[in-house]
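Take any residue in the sequence shown, note its place counting from 1, add 178, and you have its number in my numbering. C-beta: ideal position from N, C-alpha, C; glycine also. Small disclaimer: the values here were computed from a predicted structure and weren't measured. First the structure, in the form of structure tokens, and then the observations on it.
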Amino acid sequence: MWMIFGSSYAQQKALVTFELRQVVTEEVIMQPKFALFFQDSIAVPFQEFAIHDPNSGVHSLEFEYKPGRYTLRISKEGYQNTEKQFLVRTRRNSALGIGTIQMSKAKDYKLGEAVVKATHIKMVMRGDTLVYDAAAFELANGSMLDALVAQLPGAELKNGQIKVNGKHIESLMINGEDFFAGTPKVALENLPAYTVKNIKVYDRAANDAYLRRRATSGKKLPNEDEHMVMDVHLKKAYSTGWMGNAEAHYGVPSERYLGKAFGLGYSDRLRLAAFVNINNIKDTQAGNASGQWGGGWPQDGLLNLKMGGLDYLYKVRKTKVFGNVMLTHEDVDTEKQTSSVNYYTSGNVFGRTLSQQIDKKFHLISSHTLQHFGEQMYLQLAPSIDYLRNDYTSLLRTANFKANIHENHRLASLDSLYSPLGLRSSLAQHLLNSTNQEKEGRLGWFIGRLNGGATISFPGLRDNLEIGMNGEYRHNTDRPLMATHRFSDFQTHTNGTGDRLSQRQDGVSTSYNINGGAAYSLSLMPYNPQNGHYGIVQFRATYGRQYNKQDDNYWKLREQLANGAMATLLPPSAIRPEVLQQDLNNSVHSVYTRDTYSPGVEMDYVYQPNINVERQYNVNLKLASNVRRESLHYLKHQLDTTLMRWAHEFSPALSLRYSYKTGISAKEAKVSYAFSEGIPSIYYLLPTVNDSDPTNIYANNPNLRRSLSHSVNGYYSYQHHSTHSNISFSTGYGRTDRAIAYARQYQRNTGTTKWTPQNIDGNWNANASLQYSTPLGKKEAFQLQGTSAAYYLNSADFTTDTDEMTRSVVRNLTLSQHLGLTYQFGQNRVGLEGRVSWLRSRSDMRNFPSTDAVDYNAKASGLFHLPQDWEIGSDMNFYARRGYNDATLNTTHWVWNASLSKLLMRGNLVVKLTAVDLLSQISNLQYSINGQGRTETWVNALPHYVMLGVQYRFHIIPKKKQ
179 MWMIFGSSYA
189 QQKALVTFEL
199 RQVVTEEVIM
209 QPKFALFFQD
219 SIAVPFQEFA
229 IHDPNSGVHS
239 LEFEYKPGRY
249 TLRISKEGYQ
259 NTEKQFLVRT
269 RRNSALGIGT
279 IQMSKAKDYK
289 LGEAVVKATH
299 IKMVMRGDTL
309 VYDAAAFELA
319 NGSMLDALVA
329 QLPGAELKNG
339 QIKVNGKHIE
349 SLMINGEDFF
359 AGTPKVALEN
369 LPAYTVKNIK
379 VYDRAANDAY
389 LRRRATSGKK
399 LPNEDEHMVM
409 DVHLKKAYST
419 GWMGNAEAHY
429 GVPSERYLGK
439 AFGLGYSDRL
449 RLAAFVNINN
459 IKDTQAGNAS
469 GQWGGGWPQD
479 GLLNLKMGGL
489 DYLYKVRKTK
499 VFGNVMLTHE
509 DVDTEKQTSS
519 VNYYTSGNVF
529 GRTLSQQIDK
539 KFHLISSHTL
549 QHFGEQMYLQ
559 LAPSIDYLRN
569 DYTSLLRTAN
579 FKANIHENHR
589 LASLDSLYSP
599 LGLRSSLAQH
609 LLNSTNQEKE
619 GRLGWFIGRL
629 NGGATISFPG
639 LRDNLEIGMN
649 GEYRHNTDRP
659 LMATHRFSDF
669 QTHTNGTGDR
679 LSQRQDGVST
689 SYNINGGAAY
699 SLSLMPYNPQ
709 NGHYGIVQFR
719 ATYGRQYNKQ
729 DDNYWKLREQ
739 LANGAMATLL
749 PPSAIRPEVL
759 QQDLNNSVHS
769 VYTRDTYSPG
779 VEMDYVYQPN
789 INVERQYNVN
799 LKLASNVRRE
809 SLHYLKHQLD
819 TTLMRWAHEF
829 SPALSLRYSY
839 KTGISAKEAK
849 VSYAFSEGIP
859 SIYYLLPTVN
869 DSDPTNIYAN
879 NPNLRRSLSH
889 SVNGYYSYQH
899 HSTHSNISFS
909 TGYGRTDRAI
919 AYARQYQRNT
929 GTTKWTPQNI
939 DGNWNANASL
949 QYSTPLGKKE
959 AFQLQGTSAA
969 YYLNSADFTT
979 DTDEMTRSVV
989 RNLTLSQHLG
999 LTYQFGQNRV
1009 GLEGRVSWLR
1019 SRSDMRNFPS
1029 TDAVDYNAKA
1039 SGLFHLPQDW
1049 EIGSDMNFYA
1059 RRGYNDATLN
1069 TTHWVWNASL
1079 SKLLMRGNLV
1089 VKLTAVDLLS
1099 QISNLQYSIN
1109 GQGRTETWVN
1119 ALPHYVMLGV
1129 QYRFHIIPKK
1139 KQ
């Protein structure tokens, strides 16, 4: 709880704090004049304190404490006079925050004739906001927003993700408003750079923060999470208009193509956008109502995409409504080739897996939000729907060997094994088991959500009441047909034994979630002219109900195969459902309900030794608990049972924070601790076994104990505003006691794995990282950035191929170093960067192969603007891997990309030639290691291509009325 230990003098004074800005541009208004009145007519003497940075626009006035209504009047030459009323009610809240006050320029104010040659500074700090002046950067004709962002000191634009001073930018906004996807994904290609006035980077407050922060004079609450955003502000002349673009590209080989069209109309109140995107180069961006192509999602494999959508935003007075509708049709072709080693007492098992899947998806997503920003109440209502239908086919081939097979190329053993005489080849002497499965089916879902909330502020008291309700309805289906061949028991039979399994599944689930709650924040903000002890206590209570009905029905037919016979696999489409028999042992009907009661309290305390200095010590304590009542009705074959239980979870958290800000630098340090409990699923109490997949059998365990997790994190940062350099250090430690892990028991003869949940100790991790960036040279032409990191993982698990369960522990240490240097000269830019990562893996387990592997990455890039509006860009990437146990992973790849473009029609028409992976060496490899084994996976990637395209852009600004 924040408390006050003040003198009698402190109880006679009050302090009001506010921010003053221009209404349109949000620029700081310098040297305004103030007048303060009590009951609208009695002049009140006051004293203004120079507590804040003059560039921040924040002002604080001290006056004699007296309960009642006050009027603050503000004047400034060239602006219309403005006034703001506020209440002083109690000494408990005599330090007041009244938010941001905006002033409008006087309509009859005219500038005298003068010629001014401005010197533009690239970046300045205004309070907690970093502001870049767009006019200070040299850009080529026709440059778009991405070119401007790439030049910002401390900013990094890579793979569509933006970082500034090492911090990830969660959202890119235009004039303070969100755009379609909420996260910048790919270079912003549609907003002309010449329309930008400045770019601001700051920690974005919640929508209702203007009410909740009144208790802290508009300052960030200690318990608020960080949400860094980049806010692009347009010049006033471009606040209304139309813009759009259309582009078409075609490439070889493999007939690569890309077609996009985008249109946007916008004004101060309205934005409306429409877009289409058709391509087969995995470009998943969506156009939005801020004039950007952004968002998108990562996708393994190859993708043919057709998508389109609408996006809108409308504001009127204090109400705002925005939303979007998006349709996609996706054809996805994914292939994964996996090499694995599983650790067992009797000897390691070496696996090879080929997975191929084709998906044909239809996806509809629509979300809408209504917001009202009232003087004393904030309201929000947000409905959304999500519909998916996916028709899929897949092929899965696996083989497990008792020895590490030498292969001339990746998965050569599977190619040989699944040839006509595969089971009679020399590989059979090392083969333990194999599986060949084909599947086809349709899955889908419908999800409907409705979220609503309100924040109510009580004038004078500075207390807040938050009320929230949300609901979700979900309907899922999955109906596959599966055909499977299995061969095993090669140790007792020369050619093994096998069977053919035909299956049909009908899986349907229906669920809903309803949650509601309230939180009351009690503020203690008394004013003391020497120092401050402030506090907020929040009491909260929520209730939630969850309902889930699950119906899983299986039908199957099993046939024995002759020894060594590689019979033709019956395709799933040829399976006759009438010959299948219901699999009663795995067909299940269940109804699960849960009622959760969650009381909690959160206490924030802030100590400010000197109110004239921005130095603060913060303490935040959270005490939260969940009390749940669960019920499960379960029907399976001869089992018809109902389980009920009460369970309780406790999750406290404590954080300590120190911050110190001056006109030239800012320091911040933070330490936090959190504890949480994990209650085992009620389904683990059932005496059931699931063997619908004959190669993986899942059993339950009613004797599980809850897991206990601890995490400790530390953070320190230092920013020097005049040199534009910064450094940050973060570290963390996490441990889970009694972690719930799936113990694996492997039967070498049959290839069957039995999975049983077990509690295990010994899982913990530790990490540390150092990030730094600084400009160098004249006019800060050079930008140096680096990251040093270390990560240690102690992974514990259970695994065995005997009757006795064996504990396995693997210790992984990863050290990495990244350095990058860019040089900007005029409109040209070159860059060098490198990264090295070392993995050291050890274990005391028998047959564990120790690993000392190193990954090397290096990149050289350049972007050059040539005469006659030509632009050439290129990047060369070097990837090398050494020290991996699987020799096929120790590779070297060179990836070279290049582009050449020509601007026509003053930059509105662009002709561009793009070459991706000119040397055809892109490779997508993933590596993981834990207490049960090691896995290396290759995923098919988009092959190299060369593409020629043309793009037309337009931007129409309405003529001003005379």
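What do you get for residue i, buried or exposed, if any count of 16 or more other CB atoms within 10 angstroms of its CB means buried?
i	result
L659	buried
K438	buried
T1070	exposed
Q463	At Q463, the pLDDT of 49 sits below 50, so the modelled position is not reliable; the number obtained from the coordinates is stated separately. The residue is buried, with at least 16 neighbouring Cβ atoms inside 10 Å.
I182	Legend: pLDDT at I182 = 36, less than 50; position of this residue unreliable, value from coordinates given subsequently. Buried.
D730	buried
S282	exposed
P858	buried
W156	With the chain covering only 179 through 1140, there is no way to say anything about residue 156.
D1022	exposed
L1082	exposed
Measuring CA to CA, which of the options is closest to residue i?
i	options	result
I563	L592, I789, R652	R652
I536	H584, V1088, K514	K514
K539	A968, G619, F551, S533	G619
I842	H898, N796, R806	H898
A1036	A697, R1013, S1028	R1013
R806	T819, K814, I789, E827	E827
Q1129	F440, M781, N353, Q280	F440
R247	L628, Q190, T268	T268
L595	L532, S1077, S699, T819	L532
I276	G354, A877, Q554	Q554
E588	N764, V757, T516, N526	In the sequence as presented, Glu is not what sits at residue 588; that position holds Arg. The option with the nearest alpha carbon to R588 is T516.
F216	P245, E197, I207, Q190	P245
D975	V410, G940, L436	G940
I207	T418, T260, S219	T260
D677	L991, F1056, T928, A946	T928
N879	G856, N937, Y896, R916	N937
Y896	G910, L389, L948, R916	L948
K155	Q716, K727, R754, Y893	Limits of the chain in this structure are 179 at one end and 1140 at the other, which puts residue 155 out of reach.
R772	N502, L821, N614	L821
Kindly give me the distance between the Cβ atoms of residue i and residue j, rounded to whole angstroms, as I take these residues to be in contact under 8 Å.
i	j	result
V266	A312	Not a contact, Cβ separation roughly 42 Å.
Q558	G630	7 Å
E240	Q225	5 Å
N458	L481	7 Å
N691	G646	With a Cβ gap of about 13 Å, N691 and G646 do not count as contacting.
F528	A581	7 Å
So residue i is in the beta strand (DSSP E); what residue range does that whole segment cover?
i	result
S679	Strictly speaking, residue 679 in this sequence is Leu, with Ser absent from that position. From DSSP, the beta strand (DSSP E) with L679 extends over 675 to 702.
D509	497 to 520
V779	766 to 786
I377	374 to 381
T1066	Neither: T1066 is in no beta strand (DSSP E) and is coded neither H nor E.
L1091	1087 to 1094
Q263	260 to 266
G275	273 to 281
L1097	Careful: L1097 lies outside any beta strand (DSSP E) and carries neither H nor E.
K539	527 to 551
V407	406 to 412
K845	843 to 856
Going straight from the alpha carbon of residue i to that of residue j, what length do you get?
i	j	result
Y444	L412	12 Å
A1093	I1100	13 Å
T965	F212	48 Å
N943	I1107	14 Å
N385	Q1104	40 Å
V499	I1135	24 Å
Would you kindly report the start and end of the unbroken alpha helix (DSSP H) that includes residue i?
i	result
A590	590 to 595
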